[in-house]
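Q:
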Amino acid sequence: MEINLAERLIAEWAEENAQAIGLAPNTIRSSYLYNPGGFGNLSICLTDGRTRLHVKLAPPRKAERLRQWASISDYLTEHYTAPRLVAEIDTEIVPGYPYGLVFEYIEDAVSLADAHYPEVVLSGVLETAAKLHRDNRLHAMLPQNETRTYAEAFEDEYLSRFREDLDGIVESRELLRDFVSDETIMWFGEEIERLNETVRQTPAFLLPAGDVVHNDLNGNNVLTSGMERFRIIDWDDLSGRGDAAMDYSVLLWPLTQEPAWPKWREHVLAEAEAATVQRLDLYFRAKLFDDVLDVLADYVEAEQVPEHRDATQQRAKAVHLHSYPLYLAKYGAG
Numbered sequence: 006m007e008i009n010l011a012e013r014l015i016a017e018w019a020e021e022n023a024q025a026i027g028l029a030p031n032t033i034r035s036s037y038l039y040n041p042g043g044f045g046n047l048s049i050c051l052t053d054g055r056t057r058l059h060v061k062l063a064p065p066r067k068a069e070r071l072r073q074w075a076s077i078s079d080y081l082t083e084h085y086t087a088p089r090l091v092a093e094i095d096t097e098i099v100p101g102y103p104y105g106l107v108f109e110y111i112e113d114a115v116s117l118a119d120a121h122y123p124e125v126v127l128s129g130v131l132e133t134a135a136k137l138h139r140d141n142r143l144h145a146m147l148p149q150n151e152t153r154t155y156a157e158a159f160e161d162e163y164l165s166r167f168r169e170d171l172d173g174i175v176e177s178r179e180l181l182r183d184f185v186s187d188e189t190i191m192w193f194g195e196e197i198e199r200l201n202e203t204v205r206q207t208p209a210f211l212l213p214a215g216d217v218v219h220n221d222l223n224g225n226n227v228l229t230s231g232m233e234r235f236r237i238i239d240w241d242d243l244s245g246r247g248d249a250a251m252d253y254s255v256l257l258w259p260l261t262q263e264p265a266w267p268k269w270r271e272h273v274l275a276e277a278e279a280a281t282v283q284r285l286d287l288y289f290r291a292k293l294f295d296d297v298l299d300v301l302a303d304y305v306e307a308e309q310v311p312e313h314r315d316a317t318q319q320r321a322k323a324v325h326l327h328s329y330p331l332y333l334a335k336y337g338a339g
């Protein structure tokens, strides 16, 4: 991906559509929005000096998820603080990205993670998440796929991705050779299958999955401007056949080693069903394994974005080297 080319093409499109998207023509500038967590979608900020917009473009395999977001965007904005949709992009402006959305840019906000999880905001997010998980009206708006179990939901959200990540790591083995051994890569595959076996043997995972879930409710996808105000972004992975434990786990994972963790666990107990809490510990295990494995996939993918390759690879290597011994200490070498 050539970032400079993408910025230029988006700016040209914005000039042609300035009136429709509410920007002043002839003054529009675009800038790439770097996401250290991966390079799946392409995000660009547009501004005319007064108003800013966020453009999110999806490759073919992710385009349908953005279309789903667009179809229910008004409801998500009204009930779940999602950013307002300004326009859809149905033409391939940037090669390899056939669909996109243009949103309002949320000004003067920081992520929940950067704000160090202020208690009043986190409580509000947890209450909002609990409402989302039980939202029958939104559930009816979403695709009514075949019924699946919570084990199958876990498979879709973690195990399938872990296997895909491992395939990419094996194919790009030479990039990682200086800090990841062949024995470690073999262990990755074994641990994925151990996780799979544990899930399949846990009764709480064998129940039918029907929660409405954000599916990526981490601290970077909640923006706060202080006090009790917050906005939830990145609704690409919204599902009506998911697991509430997934949302709670990614949101609360950074707090599990903090002194206040028992309080937040009690908060989940008050909001969620007992079986959800039973699944939570295995989701925490998967989240830590994600910091062991998925960051290596990011390390490999960073080769496609030279402008941010070094920073991404340094971060990915540091996260892996920190998380791998923690995982072994907590869950054993298998």
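In this note's numbering, the protein residues as written are 6 to 339.
By construction, the Cβ of each residue, glycine as well, lies at the ideal position given by its N, Cα and C atoms.
1) Which residues does DSSP pair with T207 in a beta bridge?
2) How do the region 176 to 185 and the region 242 to 256 stand: do at least 3 beta-carbon pairs fall below 8 Å, yes or no?
3) Enumerated in chain order, which unbroken segments of the beta strand (DSSP E) with a length of 3 residues or greater are wholly contained in the region 216 to 304?
4) In its own chain, which residues sit with a C-beta less than 7 Å from the C-beta of G101, not counting the 5 before and 5 after it?
5) Going by other Cβ atoms of all chains shown within 10 Å of its Cβ, with 16 needed for buried, is K268 buried or exposed?
6) From what residue to what residue does the alpha helix (DSSP H) around V130 run?
7) Quick one: what does DSSP say E93 is sitting in, helix, strand or coil?
8) Tell me, which residues are paired with T52 by DSSP?
9) Run the CB neighbour count on G224, radius 10 Å, all protein chains shown included, and call it buried at 16 or more, exposed below.
10) Can you check DSSP and say which residues form a bridge with S116?
11) Have a look at F108 and R66 and give me their C-alpha separation to the nearest angstrom.
12) Please tell me whether L51 and S76 are closer than 8 Å, where the distance is taken between their beta carbons.
13) Is D242 near R55, with beta carbons less than 8 Å apart?
14) Under the rule that 16 or more other beta-carbon atoms within 10 Å means buried, what is A316, buried or exposed?
15) Of all the CB atoms in chain B, is at least one closer than 8 Å to the CB of G105?
16) Under the three-state reduction of DSSP, which class applies to Y102: helix, strand or coil?
17) For E151, does the three-state DSSP call read helix, strand or coil?
18) Start and end of the alpha helix (DSSP H) containing T82?
19) By how many angstroms is the C-alpha of L287 removed from the C-alpha of T189?
20) Can you name, in chain order, every residue of its own chain whose Cβ lies under 7 Å from the Cβ of D216, other than the five neighbours on each side?
21) Using a threshold of 8 Å, state whether the C-beta atoms of R57 and Y110 are closer than that.
22) Using alpha carbons as the reference points, say which of R236, G337, E162 lies closest to N220.
23) May I ask which residues mark the beginning and end of the alpha helix (DSSP H) holding Y110?
24) Taking its Cβ as the centre, do 16 or more other Cβ atoms sit within 10 Å of L256, making it buried, or is it exposed?
A: Judging by the given coordinates:
1) One-based indexing of the sequence shown puts residue 207 at position 202. Bridge partners of T207: none, in fact.
2) no
3) 216 to 218, 227 to 229, 235 to 237, 244 to 247
4) The sequence position of residue 101 within the sequence shown is 96, counting from 1. Within the same chain, G101 has close Cβ partners P64.
5) Here residue 268 refers to the residue found at position 263 of the sequence shown. That one is exposed.
6) Locating residue 130 in the sequence shown gives position 125, where the first residue counts as 1. Where V130 is concerned, the enclosing alpha helix (DSSP H) stretches over 124 to 138.
7) Against the sequence shown, residue 93 aligns to sequence position 88. Correct three-state label for E93: strand.
8) As a position in the sequence shown, residue 52 is number 47, starting the count at 1. Partner(s): R34, R57.
9) The residue you call residue 224 lines up with position 219 of the sequence shown. Classification of G224: buried, given that the 10 Å Cβ count is 16 or more.
10) For the purposes of this step, residue 116 is identified with residue 111 of the sequence shown, where counting begins at 1. Answer is L228, bridged to S116.
11) If you number the sequence shown from 1, residue 108 lands on position 103. If you number the sequence shown from 1, residue 66 lands on position 61. Cα-Cα distance, rounded: 21 Å.
12) Locating residue 51 in the sequence shown gives position 46, where the first residue counts as 1. Locating residue 76 in the sequence shown gives position 71, where the first residue counts as 1. Not in contact: L51 and S76 (Cβ atoms no closer than 8 Å).
13) Position 237 of the sequence shown, counting from 1, holds the residue named residue 242. Position 50 of the sequence shown, counting from 1, holds the residue named residue 55. Cβ distance not < 8 Å, so D242 and R55 don't count as in contact.
14) On the sequence shown, position 311 is the one that residue 316 refers to. Per the 10 Å Cβ criterion, exposed.
15) Looking at the structure shown, chain B is missing, and only one protein chain is on hand.
16) Counted from its first residue, the sequence shown places residue 102 at position 97. Reduced to three states, the DSSP call for Y102 is strand.
17) Looking up residue 151 in the sequence shown gives position 146. Reduced to three states, the DSSP call for E151 is coil.
18) In the sequence shown, the residue the question calls residue 82 occupies position 77. Segment 78 to 85, the alpha helix (DSSP H) holding T82.
19) The residue you call residue 189 lines up with position 184 of the sequence shown. The residue you call residue 287 lines up with position 282 of the sequence shown. About 21 Å.
20) Sequence index remark: in the sequence shown, residue 216 carries index 211 (1-based). Closer than 7 Å at Cβ, skipping near neighbours: H138, G247, D248, A249.
21) Counting from 1 along the sequence shown, the entry for residue 57 is found at position 52. Counting from 1 along the sequence shown, the entry for residue 110 is found at position 105. Yes, the pair counts as a contact, with Cβ atoms nearer than the cut-off.
22) As a working mapping, residue 220 is identified with position 215 in the sequence shown. Ranking R236, G337, E162 by Cα distance to N220 puts E162 first.
23) Walking along the sequence shown from the start, residue 110 turns up at place 105. That residue, Y110, is in no alpha helix (DSSP H); it is neither H nor E in DSSP.
24) Looking up residue 256 in the sequence shown gives position 251. Per the 10 Å Cβ criterion, buried.
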